[in-house]
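Participant: Residue numbers (my numbering), protein chains in the order written: chain A, 1 to 100; chain B, 101 to 593.
Every residue, glycine too, gets a C-beta built ideally from N, C-alpha and C.
1) Using 8 Å as the limit for Cβ to Cβ distance, is residue 86 of chain A near chain B?
2) Hey, out of B:230, B:248, B:223, whose CA is closest to residue 270 of chain B's CA?
3) Which first and last residues belong to the alpha helix (DSSP H) in which residue 112 of chain B is found?
4) To the nearest angstrom, how far is it from the Cα of residue 417 of chain B to the Cα of residue 80 of chain A?
5) Counting only Cβ pairs nearer than 7 Å, list the residues of chain B close to residue 77 of chain A.
6) Looking only at its chain, what residues have a beta carbon closer than 8 Å to the beta carbon of residue 433 of chain B, apart from the 5 residues adjacent to it on each side?
7) If residue 505 of chain B and residue 543 of chain B are in contact, beta carbons under 8 Å, what's the gap, nearest whole angstrom?
8) Grab me the residues of residue 464 of chain B's own chain with a C-beta within less than 6 Å of its C-beta, minus the 5 sequence neighbours each way, in chain order.
9) Using three-state DSSP, classify residue 486 of chain B as helix, strand or coil.
10) Which runs of the beta strand (DSSP E) fall wholly inside the region 496–525 of chain B and span at least 3 residues, in chain order?
11) So is residue 22 of chain A in contact with chain B if we call contact Cβ pairs under 8 Å?
12) Could you check whether the Cβ of residue 29 of chain A sits closer than 8 Å to any Cβ belonging to chain B?
13) Let me confirm a value: residue 399 of chain B is counted as buried when at least 16 other C-beta atoms fall within 10 Å, else exposed. Which label applies?
14) Which residues in chain B sit within 8 Å of residue 8 of chain A, going by Cβ to Cβ distance?
15) Excluding the 5 residues flanking residue 384 of chain B on each side, which residues of the same chain have their C-beta closer than 7 Å to its C-beta?
16) Does DSSP put residue 335 of chain B in a helix, in a strand, or in coil?
17) Which residues, in chain order, does the region 37–50 of chain A contribute to contact with chain B at a C-beta distance below 7 Å?
18) Strictly under 8 Å for the Cβ-Cβ distance: is residue 442 of chain B near chain A by that measure?
19) Locate the beta strand (DSSP E) running through residue 538 of chain B, then write down its first and last residues.
20) What would DSSP say about residue 146 of chain B, mapped onto helix, strand or coil?
21) Whose CA, out of B:171, B:202, B:193, lies closest to the CA of residue 181 of chain B?
22) Sorted by chain position, which residues of the same chain lie with C-beta nearer than 7 Å to residue 574 of chain B's C-beta, five sequence neighbours on each side aside?
23) Since residue 54 of chain A and residue 308 of chain B should fall inside the 8 Å C-beta cutoff, what is the C-beta to C-beta distance between them, to a whole number of angstroms?
24) Excluding the 5 residues flanking residue 411 of chain B on each side, which residues of the same chain have their C-beta closer than 8 Å to its C-beta?
25) Name, going along the chain, the residues of the region 472–487 of chain B whose beta-carbon falls closer than 8 Å to a beta-carbon of chain A.
26) Answer with yes or no whether the minimum CB distance from residue 222 of chain B to chain A is below 8 Å.
27) Among the residues of its own chain, which have a CB less than 8 Å from the CB of residue 216 of chain B, if the five just before and after it don't count?
28) Do residue 321 of chain B and residue 120 of chain B have their C-beta atoms closer together than 8 Å?
29) Answer with yes or no whether the minimum CB distance from residue 428 of chain B to chain A is below 8 Å.
30) Provide the residue span of the beta strand (DSSP E) that contains residue 311 of chain B, from first to last.
31) Among the residues of its own chain, which have a CB less than 6 Å from the CB of residue 578 of chain B, if the five just before and after it don't count?
32) Tell me which residues of the region 259–287 of chain B have at least one Cβ-Cβ distance to chain A shorter than 7 Å, keeping chain order.
33) With a threshold of 8 Å between beta carbons, is residue 95 of chain A in contact with chain B?
34) Using the C-alpha atoms, what's the distance from residue 12 of chain A back to residue 345 of chain B?
35) Taking the C-alpha atoms as reference points, what is the distance between residue 290 of chain B and residue 568 of chain B?
36) Can you tell me where the alpha helix (DSSP H) holding residue 62 of chain A begins and where it ends?
The structure is reproduced here in structure tokens:
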């Protein structure tokens, strides 16, 4: 079965994506089909071929380590879309257990 | 001057010469768009107050003696581009309530050139799709048959211009998302060379492929828009640092001395007799304009889709990691932070986005990275090399933009059959080439009653936008296909 090729629960965990049983049942075969489809690449000879990350000639871009006000958001603007903000910060669930 | 029907060039000329005011244009377009969009649903948000504000500014600038290339031209913006104070949703539940705190460079340049923002247009969620149907927020209809899709992912940007509810629009193209909907909606859709237009303020999907470009009803209008939005931007590190060559003043009327490559592997005979005849006629028309047709080979083009469906999802899985319920967008609470991430993303993303995140995560995961992702990057090199070799024998490559005209809603239930819509556009995207779709006729699709528009894709070497738009203009002026079709008269008052 094509869906056996991908451990979808493991991949979903890596992607931080909760899936329902129904989604697993649908996505499994669909992703299996897609992997079968991309298997066609196996016949293409890529020995001694460099990998392309970017097609145009480009070089590393550097700039002065200086504040550019035109690209900065005020704290108020930065927090305006936050699902939860407190004391001028993004508020998130506790990630470090309390001691003792 | 007719603000609904006229070209951007004609509108700008009227406003710059003060025969018409931008305010009049805004006041005419606002009720017109509201009426037409009741049937098309091209827009996710209309911005009438912002449009009026810009119209007043444009009139003041013209009165002060300025001449603006897009003075008073009504434009629509794909809703994956930020415009301060407007919702910018990417067609996703996860960003449904996001309000942009800054403006994308391309959008800012369009407004600086005198354009008036009508609103933000619908798209496949995060620009992933070829029909518009993956939008979580709206179902945009094709202006030439309301029971058919407008194409995607720039669904609303194509439909709004094709349906005469915008003169111009901005879209984004990763694997065909400007060219395919342009073909479906009887408009010109132009994807410049990767890096020519700044991506600053564009919500990222696949960063090595994403490129902003215009939709217009004429090649000249597309060229005017490109001239306004293109050029280096220090805010996008991948923006090309080379001189921005204007195009609109360099269009041509014939194709004498131009070698047009017809791709051996893209035989249109497989697409059915009507579609085959449409493209044979298009190639003959290019020849009649003085072009020499030469056969070129792209033996690796058939690997384009497989290559793309590894590279694009890989980059998407990385880019979309930022939607975690912390800084913006939806949050669904959980017992701990991981559960919050997982529930937020489960509730916020639609099925196609989830599929692509999963396949991309898989292709980048330990043990599979070389076999899938690196292999695809190497295949990409070979595809780009094939194009470079083909361009030793020709100046521009002509092909279909899509293999069929617009199809009906829910016609492509299997993801791979939807992916095949972009068979001709994806290899060009992988090579980063400038490319466009220009109307080339119409065919009655299977099960359809009306002739639906078709698009001719032209692609040329890196950074040859000026030449490419010139060829397309010559073809368009000689054939005038777009004017032979009329959109369905929607919502007549």
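Facilitator: According to the data block:
1) The sequence position of residue 86 of chain A within the first chain is 86, counting from 1. Answer no: the Cβ-Cβ gap between residue 86 of chain A and chain B never drops below 8 Å.
2) Walking along the second chain from the start, residue 270 of chain B turns up at place 170. Closest by alpha carbon: B:223.
3) Taking the first residue of the second chain as 1, we reach residue 112 of chain B at position 12. From DSSP, the alpha helix (DSSP H) with residue 112 of chain B extends over 108–116.
4) The residue labelled residue 417 of chain B in the question sits at position 317 within the second chain. The residue labelled residue 80 of chain A in the question sits at position 80 within the first chain. Residue 417 of chain B and residue 80 of chain A: Cα-Cα distance of roughly 26 Å.
5) Position 77 of the first chain holds residue 77 of chain A. 201, listed in chain order.
6) Position 333 of the second chain, counting from 1, holds the residue named residue 433 of chain B. For residue 433 of chain B, where only same-chain residues beyond five positions count, the Cβ hits under 8 Å are 440, 443.
7) Numbered from 1 along the second chain, position 405 holds the residue referred to as residue 505 of chain B. Numbered from 1 along the second chain, position 443 holds the residue referred to as residue 543 of chain B. So it is a contact: roughly 6 Å between Cβ atoms.
8) As a first step, residue 464 of chain B is located in the second chain; it is residue number 364 there, counting from the start. Here the set comprises 414, 473.
9) Translated into positions along the second chain, residue 486 of chain B becomes position 386. If DSSP states are grouped into helix, strand and coil, residue 486 of chain B belongs with the helices.
10) 496–500
11) As a first step, residue 22 of chain A must be located in the first chain, where it is residue number 22. No, no contact with chain B.
12) The sequence position of residue 29 of chain A within the first chain is 29, counting from 1. No, residue 29 of chain A lies away from the interface with chain B (no Cβ there is under 8 Å from its Cβ).
13) Numbered from 1 along the second chain, position 299 holds the residue referred to as residue 399 of chain B. It is exposed - the Cβ of residue 399 of chain B has fewer than 16 other Cβ atoms within 10 Å.
14) As a first step, residue 8 of chain A is located in the first chain; it is residue number 8 there, counting from the start. The contacting residues are 458.
15) Here residue 384 of chain B refers to the residue found at position 284 when the second chain is read from its first residue. Taken in chain order, the list of residues that qualify is empty.
16) Here residue 335 of chain B refers to the residue found at position 235 of the second chain. Note: residue 335 of chain B maps to coil in three-state DSSP.
17) 37, 38, 40, 41, 44, 46, 49, 50
18) Here residue 442 of chain B corresponds to residue number 342 of the second chain, with the count starting at 1. So yes, residue 442 of chain B belongs to the interface.
19) Along the second chain, one-based indexing puts residue 538 of chain B at 438. Per DSSP, residue 538 of chain B belongs to the beta strand (DSSP E) from 535–543.
20) Locating residue 146 of chain B in the second chain gives position 46, counting from the first residue. Strand, per DSSP.
21) As a first step, residue 181 of chain B must be located in the second chain, where it is residue number 81. Per the Cα distances, B:202.
22) What you label residue 574 of chain B is simply residue 474 of the second chain in a count that begins at 1. Result list for residue 574 of chain B: 352, 353, 354, 355, 389, in chain order.
23) Within the first chain, the letter at position 54 stands for residue 54 of chain A. Within the second chain, the letter at position 208 stands for residue 308 of chain B. The Cβ separation is near 5 Å, so the contact holds.
24) Residue numbering aside, residue 411 of chain B sits at position 311 when the second chain is read from its first letter. 306, 308, 309, 473, 476, 477, 480, 530.
25) 472, 474, 475, 476, 477, 478, 479, 480, 481, 482, 484
26) Mapped onto the second chain, residue 222 of chain B falls at position 122. No, residue 222 of chain B does not count as interfacial toward chain A.
27) Taking the first residue of the second chain as 1, we reach residue 216 of chain B at position 116. Once the five neighbours on either side are set aside, the close Cβ partners of residue 216 of chain B are 122, 125, 126, 129, 151, 154, 155, 158, 172, 173, 174, 175.
28) Translated into the one-based positions of the second chain, residue 321 of chain B becomes position 221. Translated into the one-based positions of the second chain, residue 120 of chain B becomes position 20. It is not a contact, given that the beta carbons lie outside the stated cut-off.
29) Here residue 428 of chain B refers to the residue found at position 328 of the second chain. Yes, because at least one Cβ of chain A sits closer than 8 Å to the Cβ of residue 428 of chain B.
30) Reading the second chain from its first residue, position 211 is the one you call residue 311 of chain B. From DSSP, the beta strand (DSSP E) with residue 311 of chain B extends over 311–316.
31) For the purposes of this step, residue 578 of chain B is taken as the residue at position 478 of the second chain. The answer, listed in chain order, is 389.
32) none
33) By 1-based counting over the first chain, the position of residue 95 of chain A is 95. It does; some Cβ of chain B falls within 8 Å.
34) In the second chain, the residue the question calls residue 345 of chain B occupies position 245. In the first chain, the residue the question calls residue 12 of chain A occupies position 12. Going by the C-alpha atoms only, they are around 46 Å apart.
35) Taking the first residue of the second chain as position 1, residue 290 of chain B is located at position 190. Taking the first residue of the second chain as position 1, residue 568 of chain B is located at position 468. Taking the straight line joining both Cα atoms gives about 10 Å.
36) Reading the first chain from its first residue, position 62 is the one you call residue 62 of chain A. First-last for residue 62 of chain A: undefined, no H or E at that position.
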